[in-house]
Amino acid sequence: MTKGFIGALAMLALGVGIARAQPDAGTLRGIEKYREALAEDNPAELWEARGAELWNARRGPKGASLAQCDLGKGPGVVKGAYAELPRYFADADRVMDLETRLVHCMVTLQGFSAAEVTRRPFGGPDHRSDFEALAAFVAAQSKGVKMNVSLDHPKERAAFLLGEQMFFYRGGPHDFACATCHGESNKRIRLQDLPNLTDAKDAQRAYTTWPGYRVSQGELRTMQWRLNDCFRQQRFPQLKFASDTSIALTMFLAHNANGGVFNAPAVKR
Amino acid sequence: MADPMRIRASMQGDKVLVRVLMSHEMETGQRKDESGKIVPAHFIQNVTVTHNGKTVLSAEWGPAVSKNPFLQFQFAGGKVGDKIQIIWTDNKGGTRTDEAVVN
Numbered sequence: 001m002t003k004g005f006i007g008a009l010a011m012l013a014l015g016v017g018i019a020r021a022q023p024d025a026g027t028l029r030g031i032e033k034y035r036e037a038l039a040e041d042n043p044a045e046l047w048e049a050r051g052a053e054l055w056n057a058r059r060g061p062k063g064a065s066l067a068q069c070d071l072g073k074g075p076g077v078v079k080g081a082y083a084e085l086p087r088y089f090a091d092a093d094r095v096m097d098l099e100t101r102l103v104h105c106m107v108t109l110q111g112f113s114a115a116e117v118t119r120r121p122f123g124g125p126d127h128r129s130d131f132e133a134l135a136a137f138v139a140a141q142s143k144g145v146k147m148n149v150s151l152d153h154p155k156e157r158a159a160f161l162l163g164e165q166m167f168f169y170r171g172g173p174h175d176f177a178c179a180t181c182h183g184e185s186n187k188r189i190r191l192q193d194l195p196n197l198t199d200a201k202d203a204q205r206a207y208t209t210w211p212g213y214r215v216s217q218g219e220l221r222t223m224q225w226r227l228n229d230c231f232r233q234q235r236f237p238q239l240k241f242a243s244d245t246s247i248a249l250t251m252f253l254a255h256n257a258n259g260g261v262f263n264a265p266a267v268k269r
Numbered sequence: 270m271a272d273p274m275r276i277r278a279s280m281q282g283d284k285v286l287v288r289v290l291m292s293h294e295m296e297t298g299q300r301k302d303e304s305g306k307i308v309p310a311h312f313i314q315n316v317t318v319t320h321n322g323k324t325v326l327s328a329e330w331g332p333a334v335s336k337n338p339f340l341q342f343q344f345a346g347g348k349v350g351d352k353i354q355i356i357w358t359d360n361k362g363g364t365r366t367d368e369a370v371v372n
């Protein structure tokens, strides 16, 4: 009994020694298992359901729903739309990502003011975000669709190039760029893998799992939120919601993920 | 009014597997807001599940249960087409009732 106990202790100590030396396959498998356990019954479904309701609800000064909103595949077509965003929209003469397009539709179809709807774009304990619900609903309709973001239009190409420049731009008090964390393969911070967003496989895996339900926050988060928080972590000036910079970065990431099978809303730590 | 629950009930062998996602803040009453005031506790206290009108699960919950709780359990004696009804009540008197059919 005592001998067995000491043996177990020794093995434990050995295990700790190995884990300290390097993140071995066992640790990574453990993280994978944890992720799988979280992925069952994703609370993102609650956001999807609310988003579907919001999409069809008659709201705003014009009392209109978003059902006629053109996400790039024709008015009201939601299926597969997210896998082709961001894209150039002729009616706005601008490249737009999903959230920016939603703002556009809320303004043009429903009569809201852009300032009002983007005042608090992210949800918190005392505030629920319409964008997070709508993004969950729209993104879910692209599950299983291959990412196919075009750079055919000159403005799409310009957005991509600006996004690329932004990605490698070093600045702020920490002299950080996005590429500082996301430019090398097989890196992680604590338990979080850092996808190498310049590598097609990693970029696909990362981009196709946003929007995601963040367990640690109890909220569904979108790509706009992800970039906003990356800027905060870099100690950059606050990234303005639906700004050209945010769209350009999204364009860079989305295009790098082309060919990946979309699979969001996912669940994140 | 609270958001609807997501209920899935399916036969697993001779038992019914029920999986429920509830939409609720589940405030513990320990957290402070930006101005330093305590955010009042707000959590689901009672959960009752009935199968064709007969109670199969009754639970008392507290503030330790997570936000947007997920509940999974099995019970015997059900079959395809049976009706499952779930009711929760929170400490502020809020309540929500949803139904699903076993498939």
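The listed protein sequences correspond, in order, to chains A and B. If you count the first sequence from 1, position 106 lands on 106 in our numbering, and the numbers rise without skipping. If you count the second sequence from 1, position 81 lands on 350 in our numbering, and the numbers rise without skipping. Where is the CB? At the ideal position from N, CA and C, for every residue including glycine.
Neighbouring residues, chain A, relative to residue i (Cβ below 7 Å)
{"i": "Ser-292 of chain B", "result": "Leu-46"}
C-alpha gap between residue i and residue j, whole angstroms
{"i": "Cys-181 of chain A", "j": "Thr-208 of chain A", "result": "19 Å"}
{"i": "Asn-372 of chain B", "j": "Lys-155 of chain A", "result": "50 Å"}
{"i": "Asn-56 of chain A", "j": "Ala-67 of chain A", "result": "6 Å"}
{"i": "Asp-351 of chain B", "j": "Pro-273 of chain B", "result": "20 Å"}
{"i": "Asn-315 of chain B", "j": "Glu-294 of chain B", "result": "15 Å"}
{"i": "Lys-240 of chain A", "j": "Val-349 of chain B", "result": "51 Å"}
{"i": "Ala-114 of chain A", "j": "Leu-28 of chain A", "result": "44 Å"}
{"i": "Gly-72 of chain A", "j": "Gly-212 of chain A", "result": "22 Å"}
{"i": "Gly-325 of chain B", "j": "Asp-359 of chain B", "result": "For the sequence presented, residue 325 of chain B should be read as Val rather than Gly. Approximately 20 Å, taken between the alpha carbons."}
{"i": "Gly-331 of chain B", "j": "Phe-231 of chain A", "result": "37 Å"}
{"i": "Gly-346 of chain B", "j": "Asn-228 of chain A", "result": "51 Å"}
{"i": "Ala-25 of chain A", "j": "Ile-31 of chain A", "result": "10 Å"}
{"i": "Gln-281 of chain B", "j": "Gln-238 of chain A", "result": "50 Å"}
{"i": "Asp-302 of chain B", "j": "Glu-296 of chain B", "result": "11 Å"}
{"i": "Leu-286 of chain B", "j": "Gly-123 of chain A", "result": "33 Å"}
{"i": "Val-318 of chain B", "j": "Asn-337 of chain B", "result": "18 Å"}
{"i": "Arg-214 of chain A", "j": "Thr-222 of chain A", "result": "10 Å"}
{"i": "Ser-243 of chain A", "j": "Gly-218 of chain A", "result": "26 Å"}
{"i": "Glu-258 of chain B", "j": "Trp-357 of chain B", "result": "Absent from the structure is residue 258 of chain B, since the part of chain B shown begins at 270 and ends at 372."}
{"i": "Ala-21 of chain A", "j": "Tyr-34 of chain A", "result": "Since pLDDT at Ala-21 of chain A reaches only 42, below the 50 mark, its modelled position is unreliable, and no value is offered."}
{"i": "Leu-151 of chain A", "j": "Phe-160 of chain A", "result": "8 Å"}
{"i": "Phe-201 of chain A", "j": "Asp-193 of chain A", "result": "Checking the sequence, you will find Lys at residue 201 of chain A rather than Phe. Taking the straight line joining both Cα atoms gives about 13 Å."}
{"i": "Leu-54 of chain A", "j": "Asn-186 of chain A", "result": "40 Å"}
{"i": "Ile-220 of chain B", "j": "Arg-58 of chain A", "result": "This structure gives no information on residue 220 of chain B, because the portion of chain B shown stretches from 270 to 372."}
Per-residue burial, residue i [other beta carbons within 10 Å of its own, 16 or more giving buried]
{"i": "Glu-36 of chain A", "result": "exposed"}
{"i": "His-255 of chain A", "result": "buried"}
{"i": "Ala-174 of chain A", "result": "A small correction: the amino acid at residue 174 of chain A is His; Ala does not occupy that position in the sequence shown. It counts as exposed."}
{"i": "Glu-45 of chain A", "result": "buried"}
{"i": "Ala-333 of chain B", "result": "exposed"}
{"i": "Ile-355 of chain B", "result": "buried"}
{"i": "Phe-168 of chain A", "result": "exposed"}
{"i": "Pro-43 of chain A", "result": "buried"}
{"i": "Arg-275 of chain B", "result": "buried"}
{"i": "Val-77 of chain A", "result": "exposed"}
{"i": "Glu-356 of chain A", "result": "Because chain A spans 1 through 269 in this model, residue 356 of chain A falls outside it and cannot be assessed."}
{"i": "Pro-195 of chain A", "result": "buried"}
{"i": "Gln-233 of chain A", "result": "exposed"}
{"i": "Gly-298 of chain B", "result": "exposed"}
{"i": "Ile-307 of chain B", "result": "exposed"}
Distance CB(residue i)-CB(residue j) smaller than 9 Å
{"i": "Phe-339 of chain B", "j": "Asp-41 of chain A", "result": "yes"}
{"i": "Gly-51 of chain A", "j": "Ala-135 of chain A", "result": "yes"}
{"i": "Phe-236 of chain A", "j": "Gly-172 of chain A", "result": "yes"}
{"i": "Leu-220 of chain A", "j": "Pro-265 of chain A", "result": "yes"}
{"i": "Ala-64 of chain A", "j": "Leu-109 of chain A", "result": "yes"}
{"i": "Ala-177 of chain A", "j": "Ala-257 of chain A", "result": "no"}
{"i": "Pro-121 of chain A", "j": "Trp-225 of chain A", "result": "yes"}
{"i": "Ala-278 of chain B", "j": "Ala-369 of chain B", "result": "yes"}
{"i": "Arg-308 of chain A", "j": "Ser-216 of chain A", "result": "Absent from the model: residue 308 of chain A. The displayed extent of chain A is 1 to 269, so no value can be given."}
{"i": "Gly-260 of chain A", "j": "Arg-188 of chain A", "result": "no"}
{"i": "Val-117 of chain A", "j": "Val-103 of chain A", "result": "yes"}
{"i": "Arg-101 of chain A", "j": "Phe-89 of chain A", "result": "yes"}
{"i": "Trp-210 of chain A", "j": "Ala-133 of chain A", "result": "no"}
{"i": "Gly-74 of chain A", "j": "Met-106 of chain A", "result": "no"}
Proximal residues of chain D, C-beta to C-beta of residue i below 9 Å
{"i": "Asp-41 of chain A", "result": "No chain D is present in this structure, whose protein chains are A and B."}
Within chain B, partners of residue i - CB distance below 9 Å
{"i": "Gly-218 of chain A", "result": "Glu-294, Met-295, Ser-335, Lys-336 and Asn-337"}
Neighbouring residues, chain A, relative to residue i (Cβ below 8 Å)
{"i": "Asp-272 of chain B", "result": "Leu-46, Ala-49 and Arg-50"}
**Request:** Count the CB pairs spanning the segment 294 to 314 of chain B and the segment 358 to 365 of chain B that are closer than 8 Å, and state whether there are at least three.
**Result:** Yes, since at least three Cβ pairs between the segment 294 to 314 of chain B and the segment 358 to 365 of chain B fall closer than 8 Å, the two stretches touch.
**Request:** Assess, as a yes-or-no matter, whether the segment 241 to 259 of chain A is touched by the segment 277 to 296 of chain B under the definition of 3 or more beta carbon pairs within less than 8 Å.
**Result:** Output reads no: the segment 241 to 259 of chain A does not touch the segment 277 to 296 of chain B.
**Prompt:** Touch check for the segment 86 to 100 of chain A and the segment 140 to 155 of chain A: three-plus C-beta pairs under 8 Å?
**Reply:** Enough Cβ pairs lie closer than 8 Å, so yes.
**Message:** Pairs of beta-carbons, one from the segment 142 to 149 of chain A and one from the segment 110 to 129 of chain A, closer than 8 Å: are there three or more?
**Reply:** The segment 142 to 149 of chain A, when compared against the segment 110 to 129 of chain A, does not touch it at the 8 Å Cβ threshold.
**Item:** the segment 97 to 109 of chain A / the segment 74 to 89 of chain A touching (three or more Cβ pairs under 8 Å)
**Value:** The segment 97 to 109 of chain A, when compared against the segment 74 to 89 of chain A, does touch it at the 8 Å Cβ threshold.
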